[in-house]
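**Student:** My numbering puts the first residue of the sequence shown at 1, with every later residue one more than the last.
Heads up, the beta-carbon is just placed ideally off N, CA and C, and yes, glycines get one too.
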Amino acid sequence: MIPQWRCYRSYHAADAISFDLDDTLYDNVPVILAAEQGTWEFLQQQVPQWQQYRREQWLAKRHQLVKHYPFLQHDVSRLRRWAIREMALAVGVNRRDARRLSHDAFEHFLLLRNRVVIADEVHQLLAQLAERYPLVAISNGNVSLEAIGLAEYFDLALFAGEGWPMKPSHCLFREAERRLKLKPRQLLHIGDNLHADVHGAHMAGWQSGWFNLQQTELLYETTTCSLPTFEFSDLAALYRLL
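(1) Would you mind sorting residue 93 into buried or exposed? The rule is 16 or more other CB atoms within 10 Å of its CB.
(2) Looking at the secondary structure, which residues open and close the alpha helix (DSSP H) in which residue 77 lies?
(3) Between the Cα of residue 183 and those of 190, 191, 192, 173, spot the shortest distance and give me the residue it belongs to.
(4) Tell me whether the beta-carbon of residue 165 lies closer than 7 Å to the beta-carbon of residue 198.
(5) Decide if the stretch 66–77 is in contact with the stretch 10–20; the criterion is three or more beta carbon pairs, one per stretch, under 8 Å apart.
(6) Assuming contact is defined by CB atoms lying nearer than 7 Å, are residue 53 and residue 125 in contact in what I supplied?
(7) List the endpoints of the continuous beta strand (DSSP E) containing residue 47.
(8) Assuming residue 88 and residue 101 form a contact by the criterion Cβ under 8 Å, report the distance between their Cβ atoms to the nearest whole angstrom.
(9) Quick check: what's the CA-CA separation for residue 138 versus residue 19?
(10) For residue 17, does the three-state DSSP call read helix, strand or coil?
(11) Under the rule that 16 or more other beta-carbon atoms within 10 Å means buried, what is residue 167, buried or exposed?
(12) At 4 residues or longer, and completely inside the stretch 130–217: list those alpha helix (DSSP H) runs for me, N to C.
(13) By how many angstroms is the C-alpha of residue 117 removed from the C-alpha of residue 103?
(14) If you drop the 5 nearest sequence neighbours on each side, which residues of the same chain put their C-beta closer than 8 Å to that of residue 196?
(15) Unbroken beta strand (DSSP E) runs of length 3 or more, entirely within the stretch 19–74: which are they?
(16) So for residue 115, helix, strand or coil by DSSP?
(17) Have a look at 51, 39, 47, 75 and flag the residue whose alpha-carbon is nearest the alpha-carbon of residue 163.
(18) Going by beta carbon distance, what residues of the same chain come within less than 6 Å of residue 260, once the five residues before and after it are set aside?
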């Protein structure tokens, strides 16, 4: 078992802190699995022909769309809507109804997708940090901070999609700098993903904190491209550590 805190680079106090959301502030995997299942059942109810589809075809359609429209890899919401529309058209739904179905199914997905459980210690941590720092959410996903009850803690929320590429691209980090009027060295990003969060922050010139909940050894992580400034495994202790 690794220590709860390990430093790899010289750390200096930040003037603002950004957080990844999915799998950093809450467990996202079961939420997405339940939302996927619920949306699939919704589509089967709305379009009886949908019964003929298997999940493998859903994944194949998404991959096909990304291959033909590479920008979709950075926009999970639009990719989902387009995949639903195209699969509806393929089973005989007319174009107008397919557009409406993709909208309604996506709204249903979002309803389920935002059923996130936030631990009390996360609320406590964010409330404490918000008294000391401007807080920013930087996410590749599409959760609603308002819907999950975290909006009050954040001064700014930035999401990939709608022309913004996903982390590890520097674009969302640069936008945060612009909006906060801060330099890269003044910012710290916290996240669970070594590639998107740690490498993205490092390439943008930020400090980074790797939230290693599973306490895996960095040496054996195949996604390691950049060393974090520090790693930690207890989110509730972050306030004390900083």
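**Tutor:** Per the coordinate set shown:
(1) buried
(2) 76–90
(3) 173
(4) no
(5) no
(6) no
(7) Element bounds for residue 47: n/a, residue is neither H nor E.
(8) 5 Å
(9) Those two C-alpha atoms are separated by around 6 Å.
(10) strand
(11) buried
(12) 171–180, 200–203
(13) 25 Å
(14) By the criterion of a C-beta distance shorter than 8 Å, residue 196 is surrounded in its chain by 20, 140, 166, 167, 168, once the five residues flanking it on both sides are discounted.
(15) none
(16) Coil.
(17) 75
(18) Lying before the first or after the last residue shown, residue 260 is absent from the chain, which here runs from 1 to 242.
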